[in-house]
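Chemist:
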């Protein structure tokens, strides 16, 4: 499948870095951060610096340190930005002005396409004095790169699904402070990707997480929100036939491993890390499956320890390298590690793994009214013309029960409650 430039950019992961052994990174970072007692007793800058830079900084006299801090300080810019964002009137003016600039660029660059709705701007004579002051301040900026020009047209696009975030606040998966959450521990920033339903060769960002290097691959797996965890349960009769589906709603974290589909495996390099929940877990099954392939297609995969016993600090990884996750039968994810750094005193002290972004899942619309998301999948109802048929609750109530006594299954669609709310 060929990708358009926009799709290729959205799906791009990499290029990978050189191999990074996290334990060696931690040892080296601790050595560089140690310094001498004499250096620690001298005045320190307000930001963390490597030991060599700290030595140069401490060799400066107090006046030179104050001059450098004053020159590099951006408190005035931050105060002005926060003052604009927190003032609805000023923020509304900035938003409308930006939309008008984008509209003008689109209108010139794409004259043959469907016209967008022109944003309305307040007349200067009718605007508030504070808005006039802000507009004149922006007009007085002499940077040539400040205004949007026609050259920006190829880089402007409307927001896509991965640009949204279902979380209002950072979601804390851990409970309370942990003895392993030491200041010298490292933070590992992980991005999860999932194939889009309409193009299986195109991955899209699903969520982003922050873990401690002292945590395990199992902690990462349990932090990933997935629609497979939202599937309804099958209700079977004595003969094993499916008679209904029920939605369990919110499940406890202790039940996730039992209910998630029977197993999981994480592949990093050529090592397979199973969940260890059974004697023959997904890692064993995958190794056995690979043995049935021709030798030139088997690869050199081997089974590693359980993901719940494998700390991130014991791994050798490549930044921006895509790694593979399989669980719940055939549900696949990919993840890459964007960066690794030491913890800073301003970082959260507890609650890891942290979830910082979750892309809202797309819901199918009702096929009758085509206005609201469907909540049921109807199986076996001849009145609807196809099976399964997606329908919303009001339309299904108006349809009523089938009169011919046919056995119809009403399958509740996922509600996206497990893993999507802020913890």
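In this note's numbering, the protein residues as written are -11 to 411. Cβ atoms here follow ideal geometry from the backbone N, Cα and C, with glycine treated the same way.
1. Less than 9 Å between the beta carbons of residue 398 and residue 375, yes or no?
2. Using three-state DSSP, classify residue 298 as helix, strand or coil.
3. Please report how far the alpha carbon of residue 51 lies from the alpha carbon of residue 333, in whole angstroms.
4. For residue 384, does the three-state DSSP call read helix, strand or coil?
5. Rounded to a whole number of angstroms, what is the C-alpha to C-alpha distance between residue 251 and residue 146?
6. Looking at C-beta atoms only, is the number of pairs between the segment 193 to 213 and the segment 295 to 305 that lie closer than 8 Å three or more?
7. Output the residue ranges of the alpha helix (DSSP H) runs that lie fully inside the segment 328 to 398 and measure 4 residues or longer, sorted by chain position.
8. Report the residue from 349, 177, 354 and 110 whose alpha carbon sits nearest the alpha carbon of residue 155.
9. Let me check one thing: in DSSP terms, what residues is residue 261 bridge-paired to?
10. Are the segment 308 to 318 and the segment 277 to 284 in contact at 8 Å, needing three or more beta carbon pairs?
11. Residue 149: which of 195, 396 and 69 sits nearest, CA to CA?
12. For residue 271, I'd like the list of residues in its chain whose CB is within less than 7 Å of its CB, leaving aside the five on either flank, ordered along the chain.
13. Rounded to whole angstroms, how far is the Cβ of residue 216 from the Cβ of residue 316, which I believe are closer than 8 Å?
14. Any idea what DSSP makes of residue 108, helix, strand or coil?
15. Identify whether residue 319 lies in helix, strand or coil by the three-state DSSP scheme.
16. I'd like to confirm the pairing. Which residues does DSSP put opposite residue 197 in its beta bridges?
17. Compute the beta-carbon to beta-carbon distance between residue 305 and residue 256, rounded to the nearest angstrom, for a pair I have assumed lies under 8 Å.
Modeler: Per the coordinate set shown:
1. no
2. coil
3. 26 Å
4. helix
5. 39 Å
6. yes
7. 381 to 387
8. 349
9. 254
10. no
11. 195
12. 253, 260, 261, 262 and 291
13. 4 Å
14. coil
15. strand
16. 178 and 343
17. 7 Å
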